[in-house]
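A quick write-up on the structure given underneath.
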Amino acid sequence: MSLFEHNNNKYKVIGKDIKRIDALEKVKGTALYAADLYMDGMLYGGNVRIKEYPAKVTKIDTSLAKAIPGVVEIITCFDSRAKKHSWADYCYMTDEVKFCGDVVAIIAAESKKVLDQAIKSIKVEYELQKGVYTVEDALKEDAPIIREKGVGLVDGLPSREKKGNIFIDSYYPVRKGDVVEGFKNCDVIIEREYNVPFIDQAYIETEACLVYCDPKDGSITGESSAQNPFFTRRYLAEASGNTMSESRLIQRTLGGSFGGKEEGVGVQIGRAAILHKATGRPIKMVNSREESLMDSSKRHPFNFKYKIGATKEGKVLALEATLIDNCGAYNNQTQFMNWRSSVHSAGVYEIPNVKTDTFGVFTNNVHGGAMRGYSSPQVIFAQEQLMNELAKELGMDNVELRRKNIIRQNSRTATNQLITEEVILEEMMDELLNRSNYYNKKNEYEEFNKNSKSFKKGISLVTCFRGAGLGAEGIDANGAFVQATEDGSVIISTGLAENGQGLQTAFAQIAAEPLGITIDKIHFHSVDTHAIADSGMTVASRGTTMGAQSMKKAAERLALIIKEHVAKKFCTTVDKIDCKDNYYYVVDENFPSNYSNEKKVAFKDICNERMWGGEQLAVYEWFKPELNDYNHHTGQGKAFPTYTYNVCIAEVEVDINIGSVNVTKVTSGLDCGTVINPNTVRGQMFGGIVMGLGYAITEEIELNKGRILNDNFDSYILPTSMDIPEMDLVLFESITKEGTFGAKSVGEPSTEAVGAAIAGAVSHALNKNVDHLPCSLESILKYMD
Amino acid sequence: MTDCKLTINGKDYTLKVEEKWTLLYVLREVLGLTGTKEGCGTSDCGACKVLVDGKAVNSCSLLALKMEGKKITTIEGIGSSDKPHPIQEAFIEAGAVQCGFCTPGMIISTKALLDGNIDPSEEEIREGLSKNLCRCTGYVKIIDAVNIAAAKIKELK
Ligand code: FES
Ligand code: FES
Numbered sequence: 029m030s031l032f033e034h035n036n037n038k039y040k041v042i043g044k045d046i047k048r049i050d051a052l053e054k055v056k057g058t059a060l061y062a063a064d065l066y067m068d069g070m071l072y073g074g075n076v077r078i079k080e081y082p083a084k085v086t087k088i089d090t091s092l093a094k095a096i097p098g099v100v101e102i103i104t105c106f107d108s109r110a111k112k113h114s115w116a117d118y119c120y121m122t123d124e125v126k127f128c129g130d131v132v133a134i135i136a137a138e139s140k141k142v143l144d145q146a147i148k149s150i151k152v153e154y155e156l157q158k159g160v161y162t163v164e165d166a167l168k169e170d171a172p173i174i175r176e177k178g179v180g181l182v183d184g185l186p187s188r189e190k191k192g193n194i195f196i197d198s199y200y201p202v203r204k205g206d207v208v209e210g211f212k213n214c215d216v217i218i219e220r221e222y223n224v225p226f227i228d229q230a231y232i233e234t235e236a237c238l239v240y241c242d243p244k245d246g247s248i249t250g251e252s253s254a255q256n257p258f259f260t261r262r263y264l265a266e267a268s269g270n271t272m273s274e275s276r277l278i279q280r281t282l283g284g285s286f287g288g289k290e291e292g293v294g295v296q297i298g299r300a301a302i303l304h305k306a307t308g309r310p311i312k313m314v315n316s317r318e319e320s321l322m323d324s325s326k327r328h329p330f331n332f333k334y335k336i337g338a339t340k341e342g343k344v345l346a347l348e349a350t351l352i353d354n355c356g357a358y359n360n361q362t363q364f365m366n367w368r369s370s371v372h373s374a375g376v377y378e379i380p381n382v383k384t385d386t387f388g389v390f391t392n393n394v395h396g397g398a399m400r401g402y403s404s405p406q407v408i409f410a411q412e413q414l415m416n417e418l419a420k421e422l423g424m425d426n427v428e429l430r431r432k433n434i435i436r437q438n439s440r441t442a443t444n445q446l447i448t449e450e451v452i453l454e455e456m457m458d459e460l461l462n463r464s465n466y467y468n469k470k471n472e473y474e475e476f477n478k479n480s481k482s483f484k485k486g487i488s489l490v491t492c493f494r495g496a497g498l499g500a501e502g503i504d505a506n507g508a509f510v511q512a513t514e515d516g517s518v519i520i521s522t523g524l525a526e527n528g529q530g531l532q533t534a535f536a537q538i539a540a541e542p543l544g545i546t547i548d549k550i551h552f553h554s555v556d557t558h559a560i561a562d563s564g565m566t567v568a569s570r571g572t573t574m575g576a577q578s579m580k581k582a583a584e585r586l587a588l589i590i591k592e593h594v595a596k597k598f599c600t601t602v603d604k605i606d607c608k609d610n611y612y613y614v615v616d617e618n619f620p621s622n623y624s625n626e627k628k629v630a631f632k633d634i635c636n637e638r639m640w641g642g643e644q645l646a647v648y649e650w651f652k653p654e655l656n657d658y659n660h661h662t663g664q665g666k667a668f669p670t671y672t673y674n675v676c677i678a679e680v681e682v683d684i685n686i687g688s689v690n691v692t693k694v695t696s697g698l699d700c701g702t703v704i705n706p707n708t709v710r711g712q713m714f715g716g717i718v719m720g721l722g723y724a725i726t727e728e729i730e731l732n733k734g735r736i737l738n739d740n741f742d743s744y745i746l747p748t749s750m751d752i753p754e755m756d757l758v759l760f761e762s763i764t765k766e767g768t769f770g771a772k773s774v775g776e777p778s779t780e781a782v783g784a785a786i787a788g789a790v791s792h793a794l795n796k797n798v799d800h801l802p803c804s805l806e807s808i809l810k811y812m813d
Numbered sequence: 004m005t006d007c008k009l010t011i012n013g014k015d016y017t018l019k020v021e022e023k024w025t026l027l028y029v030l031r032e033v034l035g036l037t038g039t040k041e042g043c044g045t046s047d048c049g050a051c052k053v054l055v056d057g058k059a060v061n062s063c064s065l066l067a068l069k070m071e072g073k074k075i076t077t078i079e080g081i082g083s084s085d086k087p088h089p090i091q092e093a094f095i096e097a098g099a100v101q102c103g104f105c106t107p108g109m110i111i112s113t114k115a116l117l118d119g120n121i122d123p124s125e126e127e128i129r130e131g132l133s134k135n136l137c138r139c140t141g142y143v144k145i146i147d148a149v150n151i152a153a154a155k156i157k158e159l160k
């Protein structure tokens, strides 16, 4: 059985409900987030933006602002000190405003209030230009070209031969089998189109940083709400002109990120660095909520065009699709993200013939970036709605259609990857069908709907999978440092970052397990780029599954060193030594887990002995996984080392007079590989479900010519405690040789299927094809028209 | 600037403030009490909640000058440095803390709720927290924490 609660756990610390190690300071209010930092002589930095785009700025009048007492520095985009382009496509400042987040001048002032007043006093003159805002318009032959590097379509596919608005680096084809032949053998073929909007990560902490010169060594130092400290350091070094070794980034407690605190945080720290260079004083920058919504990346909107065909028995033979995302004006994510979209573009199904093309287009909107799932919530929505439509066309049960086509052990995915590992998807489906009483409810709801005029009920099941870690998107390498001290306490550090997800605690468990020590002995040192090497980004739910490999390696090596020490002490061999609860002991063959015998020694005593004996007590390890064999031109090959499987069932009640959707229950099952910390996993799953609910029903960045209309939480509506459904979480474990202690990803899978499941349930309730998100009041009323 | 007398966490302060300064601005920028967070500045998220005469209110939307003569409690005034308040303990035990940015505001709302009603129903808890946004937890474990806190407080009585 793969149910987590039925499995015998062979570990000491792994799989246990360990309390978070960073909770106390958070409940006391003493945890320091970047906006909580103050320094003597500190100035407040801020940005000047315009309200229409695209535009060419012709003149900036700063005289009024300069006259305000307390305004220390103003740097406009015309100033020789203004660094414009950043390494990652975005601009620190620009006179060619392409989207709402572009900044035309930056200001440093003695207080927040003076700063606000100064920003309002700057007069900017500009010439408005013709903009492009939708995918459809961006692809028109006569569309204005937004970016020099954009390319056009030739025979319906992106080609460097022509100019246009396509971001060519984000184009990924997948070619498996022969779809033309495949469709010939189908009894049923359907075509559908789906659309999803921009949405915001909406972490409650907005982006913030403090930049100063470290008096100790002269390094420019940035303390920031950075999701990826090393990535943010790159901006700090670039904007300040310092070398990387003289640019130091310290990650502060992060108030949520979900993929969002990457580019926006980077250009923010760059702007602060420019002001710091100009004034010689510490600069603090904190985004208001409005700025955060304008400047930070969003979940990409997609336009999906799908064609799928199956035999009358329900075997899917061919799938063809175009997935086009709206990248906004600048982009540093779509070229990675779309690879993931392409790999998952045919869902968790074994389909012999697949042809999909995924690419992004530039528009004058806010930029698409990473947001929890990195395209999966969008793709799964379209893909699973498509499967529901196909089932309807075939006159077949939704679940049975999935059962006939899902990936199993020894199946081949759309990228022709042979799945050699155990796949527990069908078992997960059955467990969830059972627990949620799916079929009874389905019948009951259909009966109910026949007689109900105002309310309609629906239920829907979604299946999906997710490549764990970076896969062939990048190199999933990482490093970790474990140092024991003379009193037996241990400091661990890694290049990966705690973003609120519970990484500190998971990493502490992973280090504690081989070391045989209790969690309270471990201190997690947050990322400081001067103290640990770059381990790439904390993204793609790679933290625990891949990123902790080096932590495990380092802790194992230190444990071995200690064991050798103990073995020598008791005149025995290393294999006879075990450790537990802060003791190392000689294993008694008859009582292997008993360490109450004579031959034991406290971890702290060994540490003390080694310290005074001048022996090694610290280990740094590096982990680099095998490279995947993947062909990016055909989209064929081994995409990921392992996959997380996911089943989600949602139930809804729709008031068709008002258009409101009430999500009554969500049952969510996740294949965790190995559960490292059930408490953290459940926390992620609850949060992920509620985030998915927002995506399904209320969340959408409303745009008018690139201007964001709902720029605060009064109009950008997040779910509250009043909106949460009943939630049933089911944790599964499966066998994989990949991943730290066999752990798979959790953070993103927790949310990726939820929007799709709710949309499916709404479709069931209304007996309509829900073809876009969110299922807002207006949308529901439209479906019922 | 005007003189303003405020009572915060049992301490009296006499400060010079401007007419338009909010209580949140004074707490964070003037007094350095940064446990109270700003998530929106428009009274839409609850991260800045403090107790004013026992009621949980958004300090971003209150003028500091209007707070004279009232009893203000911030997260720094809940529990003591060596002994967390039972509500704080409950938040840790329940696993109600993820990124923690909403946590001070949630704890303030919980305090106001439990001070008035030590036996809240699930509905009353949800209602009591409905003005506090959390993006991480899905609220479930926060609701659990309120239940655990209520039990702890009752035990102490
Ligand atoms: S900051 Fe006051 S309610 Fe959001
Ligand atoms: S724990 Fe992150 S916002 Fe609530």
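Quick mapping for you: the protein sequence lines, in order, are chains A and B. Position one of the first sequence corresponds to residue 29 (our numbering), numbered consecutively onward. Position one of the second sequence corresponds to residue 4 (our numbering), numbered consecutively onward. Every residue, glycine too, gets a C-beta built ideally from N, C-alpha and C.
Beta-carbon separation of residue i and residue j under 8 Å?
| i | j | result |
| --- | --- | --- |
| ALA133(A) | ILE194(A) | no |
| TRP844(A) | GLU209(A) | For chain A, the structure presents residues 29 to 813; residue 844(A) sits outside this window and is missing. |
| GLN413(A) | VAL798(A) | yes |
| PHE483(A) | ASP683(A) | yes |
| ILE173(A) | LYS191(A) | yes |
| SER778(A) | GLN712(A) | yes |
| SER268(A) | ALA301(A) | yes |
| VAL99(A) | ALA51(A) | no |
Short of 7 Å in beta carbon distance, which residues of its chain neighbour residue i, apart from the five on each side in sequence? Order them along the chain.
| i | result |
| --- | --- |
| GLY734(A) | TYR81, PHE127, CYS128, GLY159, TYR161, ASN392 and ASN393 |
| LEU185(A) | ASP385 |
| GLY82(B) | HIS88 and GLN91 |
Excluding five sequence neighbours on each side, which residues of the same chain lie with their C-beta closer than 6 Å to the C-beta of residue i?
| i | result |
| --- | --- |
| PRO542(A) | ALA583, GLU584 and ALA587 |
| ILE745(A) | THR726 |
How big is the Cα-Cα spacing for residue i and residue j?
| i | j | result |
| --- | --- | --- |
| GLU776(A) | ALA99(B) | 19 Å |
| PHE147(A) | ILE102(A) | Looking at the sequence shown, residue 147(A) is not Phe but Ile. Distance between the alpha carbons of ILE147(A) and ILE102(A): 10 Å. |
| GLY507(A) | PRO653(A) | 12 Å |
| ASP144(A) | GLY74(A) | 8 Å |
| ASP756(A) | VAL694(A) | 6 Å |
| ILE677(A) | TYR723(A) | 16 Å |
| GLN437(A) | PHE769(A) | 21 Å |
| TYR199(A) | GLN255(A) | 26 Å |
| ARG517(A) | LYS632(A) | Checking the sequence shown, residue 517(A) turns out to be Ser, not Arg. The alpha-carbon atoms of SER517(A) and LYS632(A) are separated by roughly 7 Å. |
| ALA505(A) | ASP353(A) | 29 Å |
With a threshold of 7 Å, establish whether the CB of residue i neighbours any heavy atom of ligand 1.
| i | result |
| --- | --- |
| CYS63(B) | yes |
| ASP813(A) | no |
| ALA67(B) | no |
| ASP47(B) | yes |
| ALA230(A) | no |
Between residue i and the rest of its own chain, which residues show a CB-CB distance below 8 Å, the 5 nearest in sequence each way excluded?
| i | result |
| --- | --- |
| GLY57(A) | none |
| LYS58(B) | ALA115 |
I'd like to confirm something about residue i: is its beta-carbon nearer than 7 Å to some heavy atom of ligand 2, or not?
| i | result |
| --- | --- |
| THR708(A) | no |
Original post:
Of all the residues that make up the segment 225 to 252 of chain A, which are near chain B by a beta-carbon distance shorter than 9 Å?
Top reply: GLN229, ALA230, TYR231, ILE232, GLU233 and THR234
**OP:** Report the residues of the segment 41 to 59 of chain A with a CB closer than 9 Å to any CB of chain B, ordered along the chain.
**Re:** ASP45, LYS47, ARG48, ASP50, ALA51, LEU52, GLU53, LYS54, VAL55, LYS56, GLY57, THR58 and ALA59
Subject >> Interfacial residues, the segment 96 to 117 of chain B to chain A, with Cβ spacing under 8 Å >> reply: GLU96, GLY98, VAL100, GLN101, CYS102, GLY103, PHE104, CYS105, THR106, PRO107 and ILE110
Original post:
Along the segment 38 to 58 of chain B, what residues have a CB closer than 8 Å to any CB found in chain A?
Top reply: GLY38, THR39, LYS40, GLU41, GLY42, CYS43, GLY44, THR45, ASP47, CYS48 and ALA50
Original post:
the segment 714 to 746 of chain A: which residues have C-beta closer than 8 Å to a C-beta of chain B, in chain order?
Top reply: PHE714, GLY715, GLY716, ILE717, VAL718, MET719, ASN740, PHE741, ASP742 and LEU746
Original post:
Between the segment 129 to 153 of chain A and chain B, which residues of the former have a C-beta closer than 8 Å to a C-beta of the latter?
Top reply: SER139, LYS140 and LYS141
Original post:
Closer than 8 Å, Cβ to any Cβ of chain B: which residues of the segment 272 to 283 of chain A, in chain order?
Top reply: THR281, LEU282 and GLY283
Original post:
Can you list, in chain order, the residues of the segment 696 to 714 of chain A whose Cβ is nearer than 9 Å to any Cβ on chain B?
Top reply: ASN707, THR708, ARG710, GLY711, GLN712, MET713 and PHE714
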